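Just so you know, the sequence shown maps onto residues 0 to 492 in numbering that gives the first Met the number 0. Note that beta-carbon positions come from the ideal geometry of N, C-alpha and C, so glycine has one too. Just so it is clear, the structure is predicted and the values come from calculations on it, not from any experiment.
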Amino acid sequence: MKSSLRRQLAALTIGLLVGTILACWFINNTFLESYYEREKADVVQAAYQRLNAAAVSGGLGSEDFAQEMGRYAFASNINVEVIDANSRIVYAAVFNNGEELSKRLLRYIIGYSVNSTFGEELSEGVPAPNTVFKYVERRTATEYIEMYGQLDNHDWFIVSTTMESIQESVRIANRFLAYVGVAAAFAGGVLMWLMSKRVTDPVLQLAEISQRMTSLDFEAKYQGAEKNEIGLLGSNINQLSESLERTISELKTANNELQKDIEKKEQIDQMRREFLANVSHELKTPIALIQGYAEGLREGISDDAESRDFYCEVIMDEAGKMNTMVQKLLTLNQLECGNEKVSMERFDIVALIKNYLQSAEILTRQNGIEVRMDQTEPVYVWGDEFRTEEVFMNYFTNAVHYCQGEKLVHIRVEQAGDKAMISVFNTGEPIPEESLAHLWEKFYKVDKARTREYGGSGVGLSIVKAIMESMHQEYGVRNYSNGVMFWFMLEMA
């Protein structure tokens with residue numbers, strides 16, 4: 000395949016050379032003799048014109064004319080003879096067979112019949128004077144082109160040239176042309192085979208580049224510096240390669256973005272389904288309790304005031320839990336949608352924590368929990384004070400509800416570079432490792448029974464995540480052998 004173009008070029012070159020040489024040979028063989036005859040006829044006619052002009056001017060016997068006419072006759076390979084009325088030779092330029100020429104002129108003069116032809120006509124008899132004709136000598140089968148007649152001074156003349164030299168020249172020319180043709184065809188084929196490499200190598204390089212392009216390999220570039228059509232094609236292929244690479248890159252990028260959008264949509268759909276399922280599940284129990292106790296009150300299951308008060312307290316408690324969960328979901332939705340404006344301000348995080356602990360003192364005392372906080376000096380930070388308090392409240396509430404063992408909740412405010420790290424540690428069981436990554440998901444609960452026991456909705460840590468991401472700060476959780484620590488960062492002021 001790699002050499003097919005070279006073979007085709009070489010074969011085409013040899014074919015053209017052979018065809019041209021054969022055509023030349025055919026033309027030579029067919030038309031050269033007749034062409035040569037006509038040329039000789041013109042030479043004979045021109046010689047007559049010279050003789051007649053010299054006869055009219057009287058210079059036929061001059062030395063100058065003899066030399067000039069001799070050179071012309073020798074160069075044109077013609078024999079010339081002029082005789083007067085008494086058959087005396089006035090002028091002669093004869094290079095061979097002069098006696099035969101004189102005899103032929105006398106036979107023409109006395110009307111001796113000869114075979115003569117010119118062109119396609121053959122006449123039997125005496126040729127017309129002052130016309131060019133072909134004479135065939137029967138004895139030797141020699142052909143002549145001749146002209147005889149009278150000059151204007153009444154002298155007789157004859158101009159003759161042999162056809163044998165013409166025919167021999169044609170044969171030699173055709174034989175030489177055949178030799179030259181064979182050599183030229185061979186040499187042309189070899190040269191074309193060698194020279195075609197300059198054409199086929201760039202073409203093969205372009206073919207290899209195009210093959211690599213079909214495999215989406217656009218690293219190969221045409222390096223040729225030709226200023227011809229191949230160079231232009233190579234430049235266009237390089238541009239095409241760059242354009243395809245750029246287009247495919249854009250398509251891959253768009254496809255990747257589309258894939259992300261599809262995955263995101265699937266995640267959103269999954270989250271929506273999970274959200275609806277979780278909300279339905281969370282609301283199902285309080286609604287069922289409210290409905291059951293309300294029907295009991297209406298039907299008067301218990302007539303004493305204490306039972307009615309208990310029924311009302313249960314209804315109010317469950318309604319309060321539902322209201323709390325709805326409020327948290329609204330807060331989380333506003334945070335995730337970006338509808339809540341984050342107000343960054345400078346405040347004392349230590350003072351905020353102490354104020355909250357004072358309000359939650361009853362809760363810790365009821366659960367028998369010791370709250371310990373080492374930091375007493377003010378620590379100023381940047382953040383949304385209201386949202387930060389909500390984050391700490393969620394951490395602290397979880398710590399109180401899951402506190403076990405020593406019943407200790409330890410709060411620290413520590414400097415970590417240019418950040419303040421606020422941590423809430425509670426003693427108890429560590430969180431299972433497989434649950435750590437899911438803690439920040441909506442409605443995820445490690446211990447569902449216990450969460451339900453204290454009225455948790457599984458939304459608090461999701462709110463923490465939304466708040467911290469809105470302030471572009473870090474947060475997280477760590478397990479210890481004797482408990483769990485939740486933490487978040489704020490920029491120090």
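Rounded Cβ spacing between residue i and residue j (contact assumed at less than 8 Å)
i	j	result
residue 391	residue 421	7 Å
residue 188	residue 9	5 Å
residue 92	residue 69	5 Å
residue 160	residue 76	6 Å
residue 393	residue 476	The Cβ separation is near 12 Å, so there is no contact.
residue 158	residue 145	7 Å
residue 359	residue 309	27 Å between Cβ atoms; not a contact.
Alpha carbon of residue i to alpha carbon of residue j, nearest angstrom
i	j	result
residue 340	residue 459	19 Å
residue 368	residue 343	33 Å
residue 213	residue 247	12 Å
residue 206	residue 176	41 Å
residue 120	residue 126	Model confidence at residue 120 stands at a pLDDT of 43, short of 50, so the residue's coordinates are unreliable and nothing is read from them.
residue 40	residue 171	22 Å
residue 231	residue 249	27 Å
residue 345	residue 488	14 Å
residue 453	residue 413	The predicted position of residue 453 is uncertain, since its pLDDT is 45 and thus under 50; no value can be drawn from it.
residue 418	residue 351	17 Å
residue 138	residue 89	29 Å
residue 36	residue 15	31 Å
residue 415	residue 261	40 Å
residue 19	residue 227	28 Å
residue 24	residue 192	26 Å
residue 218	residue 174	58 Å
residue 167	residue 183	24 Å
residue 402	residue 374	21 Å
residue 388	residue 365	22 Å
residue 136	residue 148	19 Å
residue 56	residue 134	31 Å
residue 435	residue 256	30 Å
residue 48	residue 140	29 Å
residue 98	residue 66	21 Å
residue 433	residue 238	54 Å
residue 306	residue 297	13 Å
residue 493	residue 78	Nothing can be reported for residue 493: it is not among the residues displayed for the chain, which extend from 0 to 492.
residue 474	residue 321	28 Å
residue 234	residue 190	28 Å
residue 311	residue 361	24 Å
6 Å CB neighbourhood of residue i in its chain, flanking five on each side removed
i	result
residue 437	443
residue 378	348, 349, 412, 419
residue 294	none
Cut-off 8 Å between Cβ atoms - residues of its own chain near residue i, not counting five sequence neighbours on either side
i	result
residue 110	125
residue 318	285, 289
residue 439	460, 461, 463, 464
residue 355	388, 391, 392, 395
8 Å Cβ cutoff met for residue i and residue j
i	j	result
residue 100	residue 80	yes
residue 313	residue 492	no
residue 461	residue 441	yes
residue 54	residue 150	yes
residue 169	residue 38	no
residue 201	residue 236	no
residue 220	residue 240	yes
residue 363	residue 399	yes
residue 50	residue 185	no
Selection from the options that minimises the alpha carbon distance to residue i
i	options	result
residue 372	98, 474, 349, 394	349
residue 73	43, 85, 197, 155	43
residue 431	473, 482, 407, 16	482
residue 471	490, 358, 136, 428	490
residue 85	322, 305, 46, 154	154
residue 12	195, 465, 364, 83	195
residue 410	209, 473, 484	484
residue 480	65, 429, 82	429
residue 83	361, 108, 210, 245	108
residue 7	52, 27, 199, 102	199
residue 376	382, 361, 353, 397	353
residue 17	178, 408, 251	178
residue 287	316, 26, 211	316
residue 215	62, 251, 21	251
Chain B within 8 Å of residue i, Cβ atoms only
i	result
residue 208	Any reference to chain B falls outside this structure, which holds one protein chain only.
Close-in-space but distant-in-sequence residues of the same chain around residue i (CB under 7 Å, 5 per side omitted)
i	result
residue 131	40, 43, 44, 117, 144, 146
residue 34	none
residue 60	89, 90
residue 466	334, 386, 389, 390
residue 405	426
Residue i: CB within 7 Å of a non-hydrogen atom of the ligand FMN
i	result
residue 60	The ligand content of the structure shown is nil, which means the ligand FMN is not present either.
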